[in-house]
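Colleague:
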Amino acid sequence: MIKDKNLIASVLNFKQLEQAIEFKENLKCVFILFGNISNLKDIVQLLNDANIPSYVHIEYISGLKVDDYAFKFLKNNIKVKGIITTKSGHIKRAHKENLEVVQRSFIVDTRMLKLTLRGLDSNKPDYLEIMPALVSNLIPEMKKHTGIPIITGGLVNDEYVYEKAIENGADAVSTSNIKMWKYISNNY
42 MIKDKNLIAS VLNFKQLEQA IEFKENLKCV FILFGNISNL KDIVQLLNDA NIPSYVHIEY
102 ISGLKVDDYA FKFLKNNIKV KGIITTKSGH IKRAHKENLE VVQRSFIVDT RMLKLTLRGL
162 DSNKPDYLEI MPALVSNLIP EMKKHTGIPI ITGGLVNDEY VYEKAIENGA DAVSTSNIKM
222 WKYISNNY
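Using my numbering, you'd call the opening residue of the sequence shown number 42 and step up by one each time.
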């Protein structure tokens with residue numbers, strides 16, 4: 042990922058994809074949260090042509106069977122920078138194909154926090170995305186325990202949530218909220 046930027050556009054459709062490309066100067070990368078095996082190559086190609094790193098949420102791509110061949114396909118045919126997954130079992134298989142991995146974890150209570158931290162002891166993603174962004178106060182503890190760059194996302198609906206996440210040490214904030222893309226491009 043690009044080091045000096047901290048906004049990640051999470052795109053849910055083609056309209057958002059086009060808008061993300063317009064904001065490319067402000068983006069660290071794009072998280073692709075839509076598509077299917079027929080149109081994914083075109084989606085990623087648009088981002089590659091704009092020099093925007095792309096990460097595909099493999100559980101959101103229709104028609105993609107997540108097995109060893111899927112990771113080869115994403116690397117060699119689709120040409121993504123990396124994947125996003127909620128399943129720790131995908132980390133080693135993606136790394137085998139030299140794909141970066143963003144592991145998404147929903148921290149809804151203390152039990153989930155502990156399970157997430159324990160899982161990171163055996164499977165090390167390149168980045169950990171904790172959701173929702175409202176739990177950004179946990180970032181210092183998680184960074185201390187894991188040493189992994191932390192992304193936060195989900196429910197980033199205003200400047201306060203974004204700024205608090207950065208203040209708490211988030212390496213990046215992902216959001217599909219175009220209002221936030223505009224705010225950050227105008228203020229940072």
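No residue lacks a Cβ here, since even glycine has one placed at the ideal position from N, Cα and C.
1. Distance, Cα to Cα, I43 vs E63?
2. Out of I99, L158, I171 and N209, point me to the one whose CA is closest to S215's CA.
3. Determine, using beta carbons only, whether C70 and I84 come nearer to each other than 8 angstroms.
4. Taking the alpha helix (DSSP H) that L158 belongs to, which residues open and close that run?
5. Sort K65, E66, K46 and N77 by Cα distance to L53 and report the nearest one.
6. Just to confirm the assignment, what range does the beta strand (DSSP E) spanning I125 have?
7. Which value, in whole angstroms, describes the spacing of the CA atoms of H136 and D108?
8. Exposed or buried, V149, counting other C-beta atoms within 10 Å across all chains shown (16 or more means buried)?
9. Compare the Cα-Cα distances from R134 to each of K165, K120 and R159 and report the closest residue.
10. Does the separation of the CB atoms of K116 and L140 fall below 8 angstroms?
Modeller: Quick answer:
1. Taking the sequence shown and counting its residues from 1, the one referred to as residue 43 is at position 2. Taking the sequence shown and counting its residues from 1, the one referred to as residue 63 is at position 22. Below a pLDDT of 50, predicted positions are generally treated as unreliable, and I43, at 38, falls in that range; the measurement from the model is reported next regardless. I43 and E63: Cα-Cα distance of roughly 17 angstroms.
2. As a position in the sequence shown, residue 215 is number 174, starting the count at 1. Comparing Cα positions, the closest option is I171.
3. For this step, residue 70 is matched to residue 29 along the sequence shown. For this step, residue 84 is matched to residue 43 along the sequence shown. No, they are not a contact pair.
4. Here residue 158 refers to the residue found at position 117 of the sequence shown. Counting along the chain, the alpha helix (DSSP H) containing L158 begins and ends at T151 to S163.
5. By 1-based counting over the sequence shown, the position of residue 53 is 12. Among K65, E66, K46 and N77, the Cα nearest to that of L53 is on N77.
6. Along the sequence shown, one-based indexing puts residue 125 at 84. Unbroken beta strand (DSSP E) run through I125: G123 to T126.
7. Against the sequence shown, residue 136 aligns to sequence position 95. Against the sequence shown, residue 108 aligns to sequence position 67. Approximately 13 angstroms, taken between the alpha carbons.
8. Locating residue 149 in the sequence shown gives position 108, counting from the first residue. Exposed, because fewer than 16 other Cβ atoms sit within 10 Å of the Cβ of V149.
9. Counted from its first residue, the sequence shown places residue 134 at position 93. Ranking K165, K120 and R159 by Cα distance to R134 puts K165 first.
10. Numbered from 1 along the sequence shown, position 75 holds the residue referred to as residue 116. Numbered from 1 along the sequence shown, position 99 holds the residue referred to as residue 140. Cβ distance < 8 angstroms, so K116 and L140 count as in contact.
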